[in-house]
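S.K.:
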Amino acid sequence: MLRVVVERDDLTAACEMVLAHIMFAEQRMPFLRALPDDVRHRLAERCAEVYRTAGTQERRDRVALMHAMLAPGTPDDLMSAERQKFLEGDPRDVFWRSGGVETAWVELASGRDIPVNVGATLRRYFGRFSKKTELREVVRLLADRHPVLNVGDQWSEHALAELAALPTAWTELVAHAVTATAARPSTAWERKGRALLAEVDTREFAERSLSWLALVGAPRTLPLEKDFDHDPYNNNAARGLVWLVSFLPGHPRTASGLGVVLEKSLRKVPGVGPGFPKLANACATALCRMEGEAALAELARLTARVTYKSTLNLLEAGLEERAKALGLGREEIEELAVPTYGLSETGRRVVHFGDVRAELVVDDGRAVLRWRNAAGKAVKSVPAAVRRDHSEELKELKAAAKDINAMLTALTKRLDRQFLAHREWASAIWRERYLDHPLVGTLARRLLWTLDGTACGYSEGALRDLSGEPVTGEGTVRLWHPVGRPVEEVLAWRDRLEKEGVTQPFKQAHREVYLLTDAERRTGSYSNRFAGHVLRQYPFRSLAAERGWRDAELRMCQPDYYYPPTVRELPEWGLRAEYWVRGEGAPDRAEATDSGAYALLAADQVRFYAIDAPGNLIGTSDGHGFSMHGRGPSGQVAPLPLEEIPAQVFSEILRDVDLFVGVASVGNDPTWQDGGPEGRYQEYWSSYSFGELNETARTRHDLLVRLLPRLAVGDRCHVEGRFLHVKGALHTYKIHLRSGNVLMVPGDRYLCIVPDSVPESSPDTGLPFDGDRMLSLILSKALMLADDTKITDRTVLSQL
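If you're matching positions, the sequence shown starts at 69 in the numbering used here and goes up one per residue.
#1: Cutting at 6 Å between CB atoms, please list the residues of its own chain near V551, excluding the five before and the five after it.
#2: Give the DSSP-derived three-state secondary structure of N304 in the structure shown.
#3: Is it a yes or a no for the region 327-346 touching the region 269-288, going by three-plus beta-carbon pairs under 8 Å?
#4: For my contact list, L210 and G187 are in at a C-beta cut-off of 8 Å; report their separation, rounded to the angstrom.
#5: Going by DSSP, what residues sit across from P342 in a beta bridge?
#6: Could you tell me which residues DSSP pairs with W439 in its beta bridges?
#7: Could you spell out the range, first to last residue, of the beta strand (DSSP E) harbouring W648?
#8: Which first and last residues belong to the beta strand (DSSP E) in which I686 is found?
#9: Taking the straight line between their C-alpha atoms, what separation do you get for G541 and L519?
#10: Which of the three DSSP states, helix, strand or coil, is assigned to M134?
#11: Under the rule that 16 or more other beta-carbon atoms within 10 Å means buried, what is F296, buried or exposed?
#12: Closest to G341 by C-alpha separation, out of A681, S378, G782, A263, would be which residue?
#13: Express the C-alpha separation of Q626 and E400 in angstroms, rounding to a whole number.
#14: Grab the span of the alpha helix (DSSP H) containing L283 for me, first residue to last.
#15: In three-state terms, what does DSSP make of Q605?
#16: Between A645, F758, D726, which lies nearest to A706 when the distance is taken from Cα to Cα?
#17: Relative to the C-alpha of I846, which candidate in R110, V725, R768, G397 has its C-alpha closest?
#18: Assign P655 to buried or exposed, taking buried as 16 or more other Cβ atoms, counted over all protein chains shown, within 10 Å of its Cβ.
#19: Counting C-beta neighbours from all protein chains within 10 Å, is the total for D672 16 or more, i.e. buried, or is it exposed?
#20: Could you check where the alpha helix (DSSP H) with S224 kicks off and where it finishes?
#21: Out of P407, G782, E711, state which residue places its alpha-carbon closest to the alpha-carbon of R589.
#22: With respect to the beta strand (DSSP E) encompassing Y526, which residues constitute its N-terminal and C-terminal limits?
#23: Could you say if the region 300-312 and the region 247-258 meet the contact criterion of at least three C-beta pairs nearer than 8 Å?
#24: Rounded to a whole number of angstroms, what is the C-alpha to C-alpha distance between T510 and T414?
#25: For T270, which residues of its own chain have a beta-carbon under 7 Å away from its beta-carbon, when the five flanking residues on both sides are left out?
#26: Return the CA-CA distance between R650 and A670, expressed in angstroms with no decimal places.
#27: Report the rounded CA-to-CA distance for R456 versus A368, giving the unit in angstroms.
#28: Would S495 be called buried (16 or more neighbouring beta carbons within 10 Å of its own) or exposed?
#29: When the Cα atoms are used, what is the spatial distance from S733 to E403?
#30: I'd like to confirm the pairing. Which residues does DSSP put opposite L671 in its beta bridges?
#31: Among E566, V424, D855, R806, which residue has its Cα nearest to the Cα of A443?
#32: Whose CA, out of A467, W548, G327, A452, lies closest to the CA of W493?
#33: Whose CA, out of E366, H793, R546, F837, lies closest to the CA of L853?
#34: For S755, count neighbouring C-beta atoms within 10 Å of its own C-beta (all shown protein chains included) and say buried if the count is 16 or more, exposed if not.
#35: Got a sec? Which residues, its chain only, sit under 8 Å from F871 by beta carbon, not counting five neighbours each side?
#36: From the DSSP output, in three-state form, read off R434 for me.
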């Protein structure tokens, strides 16, 4: 019909007929392009007339699209401004507006450019929603005429800027990376990737790619459409780059770079979870297939830090495979995998850059660089001659310092877990892997151990007991724990460590001990010591995973649903610990996140079972109380009597739960003094914020009594009951030793101080251990309030 109308030269009717079916652009455009030039010119002019009289935006959009189909060989200035205005709007509107997709397609097919942000939007939607022929054609045209990566992500824009100055072989590699849409590279994909890699400097490719990907997760430069949490097109490219890097020979910087990208990919996005889990899994797979000690060390480090289950499973499988190949156990391969990073003695490495000397020193758990110039004088910054003449060596040294700090964090966590690992060593092996290891020794020498039952610590170049006598022998070594040790011994070790200025990497001598109470003996099979608390779900889940617990399901606001408890499996002891928590409140009234999850949890019992006992489900069908539903063929199984649980296991499990409450309780939030939603938790907040001390807070109490005389503000502070009292010039303040919340005297008026408004405490406070963030916050508040006339924070000042 259209052909007949055109042949009789009825251009008005032809124009209306095309406009009525303009969305079938792939069918109309070839016909319109085949028209004689004079006919197309007149149709284009008719389009311009119709555009000026069009009554609706939809009709104007359709006319602009028809003109685009006619444009080649016609006066293109008739409506080019209108088309550009159409496409340069918000790309999210362009996609959904009538004719938006077709206009972009026609512009590309006509050899004209479209805005890069519009192209990025089209790529995202076509990859997700459509299989239409013309849309696949748009993707092909975008690949030919558009940047190889989408704009909007910091990492992709950084890559595009560098690719513009690099040979085309680099762009071809990135274009291949974009096609990484499967979980693993196929044989054909790998073969092509290796062929493309042969055209570039592979060492440079690995370094550039990992430097780009280190920006993954950084704030976007352009907003995303509401249908997306991230750019799936760029995500495929990122995964493909990791695959390509994994084909290259192993290198220490490549292994550590993959570890950095993996950890950044798993950073939590509120309401979503890990930001880029597929990319993290690709990094894990790459490390597993990479040869060399550096990759093995990175696997060992990451297994101690990663909590996201699917990625952790990949890392652990890779580590187990390495251990099996070497005929070693998992624990042994982790210990042997720790590199020395060039440290020639415990915690020290010396590097000469001409006449300049650099010392890489591990000091109190952190790697620092110290410099001496040609005259032997200590200087604070890197000498100019080193920056100028030894830039590559300097880069390697700084990378080593960064890697050491990351490894020390992982080693500290691994050592802290040894209390429940039931681990012991022959003394010769322990000395090699721990005490005398150039890196691990910086931690091991600040801890207490037992050699054949004799408690000892490292001092003046040797292991010594409490009396200062050397401890020798070839017996069995274990990590010292205060449970079961005489109180006098525990106090004596604390005193000695403090006098020697030893800062332990975590609480050991000052570790809290949780003994069975009379109430727990009466209940028999469960502990209610931490029941009744209100916890924020996301911080609780995050900390539980970090401490080795499994919290399988996010608790959603839905009725008649059952969730497993939070579980810590202890295979070395044949036990399973459970902490019972549920969503706080009825599903239709509870405070919820945007994703429909409970914002708050109610805490209840701690129980112990045999590790192979059927698991439990906790139901909250009416929004109140707990109900247990056993799983497995034998149904419900009674929990084990608490008196049968080994004292060290009981203490460590309850210490974890106390930590969960101490970090995740709403009672710690200084902004909740009004009781939260509808004031429902005001009584709980008050009782937690200023009530009785838990075991951790009692430890703080005892430590502060000894610590205050050594502080600059010690004469203005004293510990009494549940509070650290601080005398300022304007007021006297009481800081609660559990919550860190503050009251002003007289009248016990509440003083709201959020952590961000508190300057960090001075590094010379002399804490004998690392890791108690609340104690550091309490000391920071004390230092600030003791000099309250110097406070500059307006929110705090308005309350004084």
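Ideal Cβ placement from N, Cα and C applies to all residues, glycine included.
M.R.: On the basis of the supplied data:
#1: If you number the sequence shown from 1, residue 551 lands on position 483. Around V551: V581, A715, Q716, S719.
#2: Numbered from 1 along the sequence shown, position 236 holds the residue referred to as residue 304. Helix at N304.
#3: yes
#4: Your numbering for residue 210 matches position 142 in the sequence shown. Your numbering for residue 187 matches position 119 in the sequence shown. Between G187 and L210 the Cβ distance is about 5 Å, and since that is below 8 Å, they are a contact.
#5: Within the sequence shown, numbered from 1, the residue matching residue 342 stands at position 274. P342 pairs with K336.
#6: Residue numbering aside, residue 439 sits at position 371 when the sequence shown is read from its first letter. Answer is A426, V447, bridged to W439.
#7: The count along the sequence shown starts at 1 and reaches residue 648 at position 580. 643-651 is the extent of the beta strand (DSSP E) around W648.
#8: Counting from 1 along the sequence shown, the entry for residue 686 is found at position 618. Here the beta strand (DSSP E) through I686 covers 684-687.
#9: One-based indexing of the sequence shown puts residue 541 at position 473. One-based indexing of the sequence shown puts residue 519 at position 451. Roughly 8 Å separates the two Cα atoms.
#10: In the sequence shown, the residue the question calls residue 134 occupies position 66. Helix.
#11: Numbered from 1 along the sequence shown, position 228 holds the residue referred to as residue 296. Under this definition F296 is an exposed residue.
#12: Reading the sequence shown from its first residue, position 273 is the one you call residue 341. Of the listed residues, the one whose Cα sits closest to G341 is S378.
#13: Counting from 1 along the sequence shown, the entry for residue 400 is found at position 332. Counting from 1 along the sequence shown, the entry for residue 626 is found at position 558. Roughly 45 Å between the two C-alpha positions.
#14: Numbered from 1 along the sequence shown, position 215 holds the residue referred to as residue 283. No alpha helix (DSSP H) contains L283, which DSSP labels as neither H nor E.
#15: As a working mapping, residue 605 is identified with position 537 in the sequence shown. Correct three-state label for Q605: helix.
#16: By one-based count along the sequence shown, residue 706 stands at place 638. Out of A645, F758, D726, A645 has the C-alpha closest to the C-alpha of A706.
#17: Position 778 of the sequence shown, counted from the first residue, corresponds to residue 846. For I846, the nearest C-alpha among the options comes from R768.
#18: In the sequence shown, residue 655 corresponds to position 587, counting from 1. By the 10 Å Cβ count, P655 comes out buried.
#19: Start at 1 with the first residue of the sequence shown, and residue 672 comes out as number 604. Looking at its Cβ environment, which holds 16 or more other Cβ atoms inside 10 Å, D672 is buried.
#20: Position 156 of the sequence shown, counted from the start, is the residue given in the question as residue 224. Residues 222-231.
#21: Translated into the one-based positions of the sequence shown, residue 589 becomes position 521. For R589, the nearest C-alpha among the options comes from E711.
#22: The residue you call residue 526 lines up with position 458 of the sequence shown. Segment 522-527, the beta strand (DSSP E) holding Y526.
#23: yes
#24: For the purposes of this step, residue 510 is taken as the residue at position 442 of the sequence shown. For the purposes of this step, residue 414 is taken as the residue at position 346 of the sequence shown. Approximately 6 Å between the Cα atoms of the pair.
#25: Taking the first residue of the sequence shown as position 1, residue 270 is located at position 202. L316.
#26: What you label residue 650 is simply residue 582 of the sequence shown in a count that begins at 1. What you label residue 670 is simply residue 602 of the sequence shown in a count that begins at 1. Cα to Cα, the separation comes out at about 5 Å.
#27: If you number the sequence shown from 1, residue 456 lands on position 388. If you number the sequence shown from 1, residue 368 lands on position 300. Cα-Cα distance, rounded: 36 Å.
#28: To locate residue 495, count along the sequence shown from 1; it is residue 427. Answer is buried; the Cβ neighbour count reaches 16.
#29: On the sequence shown, residue 733 is found 665 positions in, with the first residue counted as 1. On the sequence shown, residue 403 is found 335 positions in, with the first residue counted as 1. So the two alpha carbons sit approximately 36 Å from each other.
#30: Translated into the one-based positions of the sequence shown, residue 671 becomes position 603. Leu is not the amino acid found at residue 671; the sequence shown has Ala there. Looking at the DSSP assignment, A671 forms a beta bridge with V649.
#31: As a working note, residue 443 is residue 375 in the sequence shown. The option with the nearest alpha carbon to A443 is V424.
#32: Here the question's residue 493 lines up with position 425 in the sequence shown. With distances taken between Cα atoms, W493 lies closest to W548.
#33: Taking the first residue of the sequence shown as position 1, residue 853 is located at position 785. The residue with the shortest Cα to Cα distance from L853 is H793.
#34: For this step, residue 755 is matched to residue 687 along the sequence shown. So S755 counts as exposed.
#35: The structure shown has nothing for residue 871, since the chain only spans 69 to 868.
#36: Here residue 434 refers to the residue found at position 366 when the sequence shown is read from its first residue. Correct three-state label for R434: strand.
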